[in-house]
Structures are given as C-alpha cells and as structure tokens.
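Participant:
In full-length UniProt numbering, the protein residues as written are 1 to 143.
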C-alpha cells in the first residue's frame, strides 16, 4: 500500500476530532476540504482511519468471530437493529461491521453501492457520526 498523504491524514483526523467534540460545522468543513482535494478515494481512506480508530478503542473481534450489528439510540440508550435507523446510518454500521470482520468483499461492495454522489456523501457523514459517537462514549479525545 502506498503512503497516505499527510494532508489527507490531517484532514481525516481533524474531522474526527471535531465530530467527537460535537463541533459539526468544523467537522463538515474539514470533511468538505478532504472531499474537494482527495475525492472519493480520500473519503475511503478517511473512513478506514475513523473505523480503525473506533475498533482500536473498542477492541477488534477475534478472527472468524461473528460481528453482530446493533445500534444504540443516543438520547434514550435504546438498543435496536438496522430497521431502527436511517439508510445512511445502516450503511455506515454495515461498513464498520465489514471492516471489523475483515470482510474485504463486503466492504468493497458497500463502498461501490452508493447510487449517486448525494447518497455517498450522506453515507460518509454517517460513518463519521457513528465513529465519533462511539469514541465520545468511551471518553476518547483527539490529539
């Protein structure tokens, strides 16, 4: 794998840090700068970084261990399945689960499944949101 552009790494980290701090205007600005400069490939690299940061904090499943996808409602703490969330959040959760399970085929299929740029943008933002919320819950701080 080739070296990741340091500016891409900086923008991805800045967007995650802002999202964890609940500074969504800053997160949106840095995410837009990342998309403008690096396009969809940059977004994929950023999502990998966000998800890996999340998995490093929570712990990765053992090889071959089944990954179960559940969602926790932020305000009530209610746990629900994929039918309890929007399509973009469901997609983000599936992408995170594929990465956690080291399922490259499922990961690639999800990456290539967005029918248009608007859906892709919502999906990327949902990955940022889910990883930030999960990291915030653990007390993680950027920097």
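Even glycine gets a Cβ: it sits at the ideal position worked out from N, Cα and C.
Could you pull the start and end residues of the alpha helix (DSSP H) that residue 121 belongs to?
Facilitator: Per DSSP, residue 121 belongs to the alpha helix (DSSP H) from 117-138.
Participant: Which residues share a DSSP beta bridge with residue 71?
Facilitator: Its beta-bridge partners are 80.
Participant: Whole angstroms are fine: how far does the CA of residue 131 sit from the CA of residue 88?
Facilitator: Near 13 Å, if we compare the C-alpha coordinates of residue 131 and residue 88.
Participant: Just checking my contact of residue 34 with residue 11 at CB under 8 Å: how many whole Å lie between their CB atoms?
Facilitator: Confirmed, about 4 Å.
Participant: Pull up the distance between the alpha-carbon of residue 57 and that of residue 97, whole angstroms please.
Facilitator: So the alpha carbons of these two residues sit roughly 15 Å apart.
Participant: Could you check which residue in 100, 81, 4 and 111 has the C-alpha nearest to that of residue 124?
Facilitator: Selected option, being the one with the closest Cα: 111.
Participant: Is residue 89 helix, strand or coil when you go by DSSP?
Facilitator: Helix.
Participant: Three or more C-beta pairs under 8 Å: does that hold for the segment 61-79 against the segment 9-23?
Facilitator: Counting Cβ pairs under 8 Å, fewer than three are found: no touch.
Participant: Give me, in chain order, the residues of the same chain whose beta-carbon lies closer than 8 Å to that of residue 37; leave out the 5 immediate sequence neighbours on both sides.
Facilitator: Around residue 37: 7, 8 and 11.
Participant: In the structure shown, what three-state DSSP assignment does residue 28 receive?
Facilitator: Helix, per DSSP.
Participant: Hey, out of 129, 59 and 76, whose CA is closest to residue 86's CA?
Facilitator: Nearest of 129, 59 and 76 to residue 86, Cα basis: 129.
Participant: Please return the same chain residues whose Cβ sits closer than 6 Å to the Cβ of residue 80, not counting the five positions on each side in sequence.
Facilitator: Same-chain partners within the cutoff: 71.
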